[in-house]
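Residue numbers 1 to 1220, in UniProt numbering, belong to the letters of the sequence shown in order.
Accompanying notes for the structure given below.
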Amino acid sequence: MNNKNYYNLFPIGKITKQIDKNVISIYKNYSDGLKFLSLFSHAIIFYSKIRKPNVPFSNKIIKITNVDEKSGLILFYDNPCFSEGDFIYDIKPYFPCEDRVKDCSIPKDFTKLENEKLQSNLTSEEPSILSNKIQSIGSIKKLQGEFIIQLFDDNSLFEKFEGYSHIKIFWWFNNFDKDKYRRITQCQPPYENAPKTGVFASRSPVRPNPIALTTAKIIDFNKSLRQIKVSTLDCFDNTPVIDISPYIPSNDRILDCRVPDWLSHWPKWLDDSTLDFSQSKVELKIPPIFNYIYKYSKSNNKTTDFFKEDKNNKIKQSNKIIIKGARQNNLKNIDVTIPYNKITVITGVSGSGKSSLAFDTIFAESQRRFMDSLSTSKRSLYEQMEKPDFDKISGLPPAISISQKNIARNPRSTVGTITDIHDCLRTLFSIIGVRHCPNCGNAIIPLNTDEIIQTLLKLVPGTLIKIEPFKANTPCYEYLLPENNNSNDLLSNYIKESLKVGKGAIYVTINNKDKILFQTTQMCYHCDHILFELTPSTFSFNNVESMCPVCNGLGIKMEVSPNLIICNPNLSILDGASNWWGTLRKFRDNPNANWMKGEILALAEDMNVDLENPWIELPKDFKYQTLWGSNGRKVTFTYENKNGRTGHITRPVEGACNCIKRIVSSNNGEASKKIAKEFMEQSTCDYCHGERLAKEGRMVDIAGTRFPEAASMTITALKEWLEILPCKLSDFQLSTSSSIIKELHRKLCNYIKIGVSYLNLNRSVTTLSGGELQRLKLIKQLESGISNILYVLDEPSTGLHIKDQKKLIEIIKELRDYGNTIIIVEHNANLISMADYIIDVGPHAGTFGGQIVAQDTPLKIMENVNSETGKYLSGKKRVYIEKSHISDECNYVKLTGANCNNLKNIHIAFPTGSITCITGVSGSGKSSLISKCLYPAIENRIHGKKDVSRYCRSLSGDEYFDKIIYASQNAIGRTPRSTPATYTGIMDEIRNIFASIKISKEKGYKSNNFSFNSKEGQCDTCHGEGNICTPVSFMADIWSKCPVCEGKRYKKNILEVKYKDKNIYDVLEMNVNEALNFFIDQPKLVHILNIMSEVGLGYLKLGQNAATLSGGEAQRIKLAKELSTNSTGKTLYILDEPTTGLHFSDTQNLLILLEKMRNSGNTILIIEHNLDIIKNSDWIIDLGPEGGLNGGYVIAQGTTQQVSKVKESYTGNLLSHCNL
C-alpha cells in the first residue's frame, strides 16, 4: 500500500564558487546554527543542484577549512559535485561513531560503477525534490525489537543494494516538523559536558529541515513484501524514509577526522558503538572500586533513628455545611447539616438517595463553584457543569471525590505509578544507582576529580599509588600516601593531568597489585559504549527512549500462535483443521481470487501434497510454509468458479502467521484486526523478560538490587529493603539520597497501614478491585498533607477483610485530624459505628426514598425507632437465613493442587447444594482460587474438555453441574448505548410491546423502530446518544444536550407513540420498581423486573448509562439476567462480593434469594468479607494467613461452627464472637 507523504524543504543557504574553494553562504536567520561547527574537520552537506533540477536530493561529505559564524560562511575545498547557486538544505557534523564503518563490504565490480552512478542518489529515477517538497519512499517499522524499512513501491532498490553490507538511511523527524522547532538554531546536545551549540554542529532532530542520516547494517531482504531488515535505529515507529543509498567506504569513510573535546572519548567507529538487541540477558559485574569505597566509607547511621518521623500538629476548627431544599434525583426537598472536621457517614437502603446527596449534590456543587471561580478563558477548556437542584448550600469547602468509578484503568498504570512509589524509586536510582554497560556488564561510575581524590585519600597511609592515563603511552605518576593528608596538591595535579591525557579516564594501581579504573565520563572504557546522563526518565517504561524496544514498555507481547491457527490437527485443511482458513473444500469447489486461501491450494499443488490427509500427517516443510511463507519462492494459483470467472495469481506464499502479523500492524479496520488477534496469545517479552525497560535502565543497581527488581517487590518487601539500605551505602551516597529514602519509607508505611502491603508494585491497575484502587487513592490524599478539604468517599471498606478495617478507620481519622471534613457513603457496620455523625436516608428506594429518616450521632441513631439502620446497628434486627444441613453423605466438589499466583498447591472441597463462602484477608488468594483455578476447570469439564486447568492438578464433583455462572463486578458496557434494559433483554420485550400497539401497526413500525441503536428509531442528529459532541481545537470536546431530541435519543414521530400514556423515553426513565408496577400485566417483564428488585436493583433506571454503574450493580444485573432463565437445579453460581453497595436490609433480601436458589438444588460460591453473609453460609473456605507471599494457604474449611474454633483463622476468631 502506497502511503507516500510530502514534506516541505526550506533552503538554508547557497553554494558560491571561488578560485580553489567552495563557499556555503548561510542565510542570516540561520547563521547562529553554525556555532562550534569549526571544531569538526568534516561535515555532511544536503543539497540540490540548480543546474540539474531532475537530479534527486543529494548529500556529500566536505572537508571544512574555515567557518565564519558571524557572516554565516563555510569555506571548504573545491569539489566538482557542487555548482554555483546550488541550494543547501542541511549541514551535519561528521561523527565517526555514526558515520564511519570499519567492517563493511561492497560489490566486487564496484570500480566499474563508481564513476557512473554513485555521485547521485540511487533510489529513484524521478526527482525527490519538487517545488521545495520532498517525498517519502517508505517508513521504518519497529516490530518487536526488529527494525524494518517498508518500501512503498520501488523493488529496483533490492538489485542496487546487492553486495553492500551497509546502507545510509535518510529519514524525516516528522515529530519535529513544526514551525516552533524549525525556527530553532541552537540546542543543548545530550552529550556529556557539551556546551550549547548550533544545530548544524549537532545531530539534534530540532533543525530547520528535520532530516536524519543513519548508517545501518543490512540484515535481510524480503522482496515480496518490499522490506529491508536493518540493525538497530534510533527512531520512532512509522518514521518516514525519504532516501536510501549504499554505504561506500571511498565516499563515506573519513579516516582522518577531528571532533570537539567533549566527543573525543566517544568510539571511533560505528562498529564499536552498536548495541546488539539480540543479547538481552542482564549480567552485572561488581566493580573493584566498591571494595575500597565500602571498606572506608561505611555508614554509621542507625536505621531506627534514620526513619524517625516528625509529629504533625493537628488542626482544630468548627463550623458546618448547611444544605437547604436538596431535590437532586429522588431527594425530597431535604435539609441536611454536616459538621466541619468530623466524619459523617451517609447510609440507607440501595437507591434511597445517598449518592444523590453526597456526590450529585454536595460534591457536584463544590466542583461547579470551583469551575466558576476560574477565568472565562480557562473555564472554556472544560465541559460546562449543570447546577444541582437545591435551594441553598452554605459553608461548602473545596471537595475531592474518591469513588470506585472514576479511577482510570490504563494497562500501563501499575500500583507503583499511581502511588508515586515508582517515581520515588526512579529518583533514588538516578541519584545513587550504579549503572552497568549494556554491552559488557562492567560498572560505570563517573566521579568528579574531587571525588576521586577523596576516595584515594581514604586509603591507609603508606599506600603506594601509581596513576596513569587510560590507554596513553605516557609515564605514570607515583604517589605515596603520607601520614598527614593535609596537603594533597601533588596528588591532585597528578590526577588532573592524567585525566586530561586519558580523555576522562585513569588507571590507579594500589601497592603494585590492584589496578582500578577511575573515570569522569559516562562511557564504558571496556567496550567503548557511550551512555547519556542517568536521569529518572531512564527508568520510565512510558518514555519512548527508555521503554523496552520490543514490547514498548508493556512487559508482554502478542505472538501469533500456530496452535490457535491449527485448532483441529486431526482434520484435514479441507475439512476445517484451521479456523483461519476455514473449510477449504468449499473454496476449492468454487474458488475466487482470495489469495489467503488460494496460496494454500497453490502451494499444495507445487509441492505435490495431498490435502485430503489430516494436518498432522502432512510434510513438515509444507506445514512450515503454510504458516511462515515460502521465503520469496513464487507459486501459481489458477481458479475457475461456478460463475465462469477465471484467473491466475503468481506470488510468494505469505503464510498465515505473517499474514496475521501484517493485518495487526497495518491500518486495516478494527474488525479485521479483532479477527486476526484471535490467533495471537500473550507471552512475557523475551527481550526484557517482563521488566518493561530498555537494557540500559535494567542494568542499574543499588547495593546489588537492580531497578526492575526493586520496582517489582511487594510494598512490604520494598519497605524491608529500604530499612537495611542505609547500612550498605557510603557516606556520600547516603547524604545525597537520605531525603528521598525517608520519603519513600513514609509512603510505604502508610500503604501498609491501609491493608495493601501484599500488592506488588508492578501489578497492573486493571487487575485491582475497586476497593483496592480506592484505598490507594485515599492514602495518596493523606500523603498530600493538605487541610480544610471536603473528602467524599464511596464505600472505602469494599474488598477489605474485617481485620484490616481498623487500619482503614485509623487512616480516615488521621485525614480528619489534619483539619478535613469527611463524608462517607457506607454500609459497613464498623465504619458506620466509628462515625462522628450519621445521616440515614430512606426509608425505601427510588420514589419511595429521598427523605432524611434521621441525622445524629451513632448512639442516637440506634435509639431512633424510624431508622432501619439504627435497628441493625443496635442488634434489634439481624441478617439471618436457615442454614443447610451438611453431612458426610453430601456430594462434594474437590479441587487439588491449586497453584496460581500465591496459592501454595492447596486442596479444597465444598458441598453441592449449599452456600459456600471463600474468605480471607485482601491478597490471600481468593480471586486466584476462583477465577484462575476452579471456574475454568469446571467450565472446561462442562463443555466436554479433558483438560482441567493449568493451575490445578485434579478436579472431581463437576458432574453435579450442567451450568456455571460467574457474575463478576466487571462492567456490563462502557458506552451510553449499553443499559440495564439492553443487557437483561428487557429492552427487546419493551420494543415488542410498543411495536404491537395499533398506531405502530398503522404506521408500519417494527420492533427496531423503537431502538435508539437503529437508524429507523434513533434521532438523526445525535444518532441515539442524546448528546452532541463538538470537537474544539486545542480544547477538550464539548458535550451538550441534543437540540433536536432534547436528550431523548429518538425521532419525534417515535416519541409520539404511547403505551399507557408513556412513550419509549418515559419508560426508559422509570426505575425497576416503577416499571414493575407499570408492566404488571406483562408476565415476561414482571418475571425479569421482579428478580432485579429482589437482588436490590429496584431503584435503578432502565435506561441508565452502563458506564455509570458500580461494580456491585453490574454484578447484580448479571445475576438477575441469569436467574431470569430456566434452571435445572444443577447450576453453580459464583459471586464476587455481591453485598457491595447493599444496606443491611438489602443484604437480608439477597440472602433470601440465595436461599431460594440453594433450596432449588443449585450451589452458590461467594467471595465475601461481609460477616453477615459469612455467618449465614453453610460452608467456609478461609485462605491466608496474610496477603501476598504470606498468603495462599488454606487456614480452615468446614461449617461456620467448625471454622469458628480454628484459632489461627482471622475469620474464625470473628465468628467465635457471633451468635451462630
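The beta carbon of each residue, even a glycine, is placed where N, CA and C say it ideally should be.
Presumed contact (8 angstroms Cβ cut-off) between residue i and residue j, rounded CB distance
i: S1204; j: G1192; result: Not quite, the Cβ-Cβ distance comes to about 22 angstroms (not below 8 angstroms), so this is no contact.
i: I886; j: P911; result: 5 angstroms
i: I838; j: T337; result: At roughly 12 angstroms, the Cβ-Cβ gap does not stay under 8 angstroms, so I838 and T337 are not in contact.
i: T520; j: T449; result: 7 angstroms
i: W171; j: P240; result: 6 angstroms
i: P652; j: S224; result: 4 angstroms
i: T197; j: Y247; result: About 26 angstroms; that fails the 8 angstroms criterion.
i: Q144; j: V550; result: 5 angstroms
Extent of the continuous beta strand (DSSP E) to which residue i belongs
i: F539; result: Run containing F539: none; DSSP gives neither H nor E here.
i: F910; result: I906 to P911
i: W628; result: Unbroken run through W628 is the alpha helix (DSSP H), K620 to W628; no beta strand (DSSP E).
i: W1179; result: W1179 to G1184
i: L1165; result: T1163 to I1167
i: D99; result: That residue, D99, is in no beta strand (DSSP E); its alpha helix (DSSP H) goes P96 to D99.
i: S498; result: From DSSP, S498 is part of no beta strand (DSSP E) but of the alpha helix (DSSP H) over D489 to V501.
i: S245; result: T239 to P246
i: G1212; result: Unbroken run through G1212 is the alpha helix (DSSP H), Y1210 to L1215; no beta strand (DSSP E).
i: K17; result: G13 to K17
i: Q1202; result: Premise fails: Q1202 lies in the alpha helix (DSSP H), T1200 to V1203, not in any beta strand (DSSP E).
Of the residues the options, the one placed nearest residue i, counting alpha carbons only
i: L1135; options: N174, N643 and G1112; result: G1112
i: T714; options: C688, K747, C685 and N760; result: N760
i: R327; options: I573, G145 and I393; result: I393
i: I565; options: S954, M680 and F429; result: M680
i: F152; options: P96, G138 and E159; result: G138
i: D1081; options: Q135, H689, S739 and K1060; result: K1060
i: I754; options: Q781, D686 and S949; result: Q781
i: K1052; options: L517, G1096, I740 and Q1018; result: Q1018
i: T650; options: Q367, N643, R633 and G644; result: R633
Span of the alpha helix (DSSP H), counted from its first residue to its last, around residue i
i: D450; result: T449 to L457
i: T417; result: V415 to I418
i: I432; result: I421 to I432
i: F46; result: No alpha helix (DSSP H) holds F46; the beta strand (DSSP E) holding it covers H42 to S48.
i: Y7; result: Element bounds for Y7: not the alpha helix (DSSP H) but the beta strand (DSSP E), Y6 to N8.
i: E478; result: Not the alpha helix (DSSP H): E478 falls in the beta strand (DSSP E), residues Y477 to L480.
i: D261; result: No alpha helix (DSSP H) holds D261; DSSP gives it neither H nor E.
i: R651; result: It is not in any alpha helix (DSSP H) - R651 instead sits in the beta strand (DSSP E) that spans T646 to P652.
i: S738; result: D731 to K753
Residue i at chain B interface by Cβ criterion, 9 angstroms
i: E1046; result: Considering every chain present, this structure includes no chain B. It has just one protein chain.
*asked:* With three or more beta-carbon pairs closer than 8 angstroms as the criterion, would you say the stretch 964 to 972 touches the stretch 909 to 920?
replied: Two segments are said to touch when three or more pairs of C-beta atoms, one from each, lie closer than 8 angstroms; by this definition the stretch 964 to 972 does not touch the stretch 909 to 920.
_Sequence ranges, beta strand (DSSP E) only - wholly within the stretch 130 to 181, length at least 3_ = Here the runs fully enclosed are 133 to 135, 138 to 143, 146 to 151 and 166 to 172.
*Quick one: which unbroken alpha helix (DSSP H) runs of 4-plus residues sit fully inside the stretch 938 to 1002? Chain order, please.*
Complete alpha helix (DSSP H) runs here, min 4: 980 to 984 and 986 to 995.
*Is there contact here, the stretch 433 to 442 with the stretch 514 to 531, by at least three beta-carbon pairs under 8 angstroms?*
With a cut-off of 8 angstroms, the stretch 514 to 531 and the stretch 433 to 442 count as touching, because enough Cβ pairs lie within range.
*Is the stretch 733 to 741 touching the stretch 708 to 717 in the sense that three or more CB pairs, one from each, lie closer than 8 angstroms?*
In short, these stretches do not touch, since the Cβ pair count stays below three.
*asked:* Ignoring anything shorter than 4 residues, give me the alpha helix (DSSP H) runs that lie fully in the stretch 757 to 843, in order along the chain.
replied: 770 to 784, 802 to 817 and 829 to 833, all fully within the stretch 757 to 843.
*Which runs of the alpha helix (DSSP H) spanning at least 4 residues fall entirely within the stretch 577 to 605, listed in chain order?*
With a minimum length of 4 residues, the continuous alpha helix (DSSP H) runs that stay inside the stretch 577 to 605 are 584 to 589.
*Given 8 angstroms as the limit, is there contact between the stretch 152 to 172 and the stretch 93 to 107, that is, 3 or more CB pairs closer than that?*
Of all C-beta pairs linking the stretch 152 to 172 to the stretch 93 to 107, three or more are shorter than 8 angstroms, placing the two stretches in contact.
*asked:* Please give the ranges of any beta strand (DSSP E) in the stretch 663 to 719, keeping only runs that are unbroken, at least 3 residues long and fully inside the region.
replied: Uninterrupted beta strand (DSSP E) stretches at least 3 residues long and entirely within the stretch 663 to 719 occur at 680 to 684 and 700 to 702, given in chain order.
*So, do the stretch 760 to 768 and the stretch 468 to 483 have three or more beta carbon pairs nearer to each other than 8 angstroms?*
Output reads no: the stretch 468 to 483 does not touch the stretch 760 to 768.
*Looking at C-beta atoms only, is the number of pairs between the stretch 541 to 553 and the stretch 578 to 587 that lie closer than 8 angstroms three or more?*
Fewer than three pairs of CB atoms, one per stretch, sit closer than 8 angstroms, so the stretch 541 to 553 makes no contact with the stretch 578 to 587.
*Kindly provide the ranges of any beta strand (DSSP E) runs that are 3 or more residues long and lie completely inside the stretch 1108 to 1136, ordered along the chain.*
Every beta strand (DSSP E) of 3 residues or more that sits fully in the stretch 1108 to 1136 is shown, in chain order, as 1131 to 1136.
*Looking at C-beta atoms only, is the number of pairs between the stretch 896 to 907 and the stretch 1171 to 1180 that lie closer than 8 angstroms three or more?*
They do not touch, by the three-pair rule.
*the stretch 814 to 832 touching the stretch 774 to 791, judged by at least three CB pairs closer than 8 angstroms*: Touching, yes.
*At which residue ranges does the stretch 1074 to 1098 contain complete alpha helix (DSSP H) runs of 4 or more residues, listed in the order of the chain?*
Counting whole runs of 4 or more residues, the stretch 1074 to 1098 contains the alpha helix (DSSP H) stretches 1083 to 1094.
*Can we say the stretch 556 to 565 touches the stretch 672 to 681, given the rule of at least three CB pairs closer than 8 angstroms?*
Segments in contact, yes.
*For the 8 angstroms Cβ check, are there 3 or more pairs between the stretch 1151 to 1160 and the stretch 980 to 998?*
No contact exists between the stretch 1151 to 1160 and the stretch 980 to 998.
_Meets three-Cβ-pair contact criterion under 8 angstroms: the stretch 421 to 436 and the stretch 505 to 513_ = With a cut-off of 8 angstroms, the stretch 505 to 513 and the stretch 421 to 436 do not count as touching, because too few Cβ pairs lie within range.
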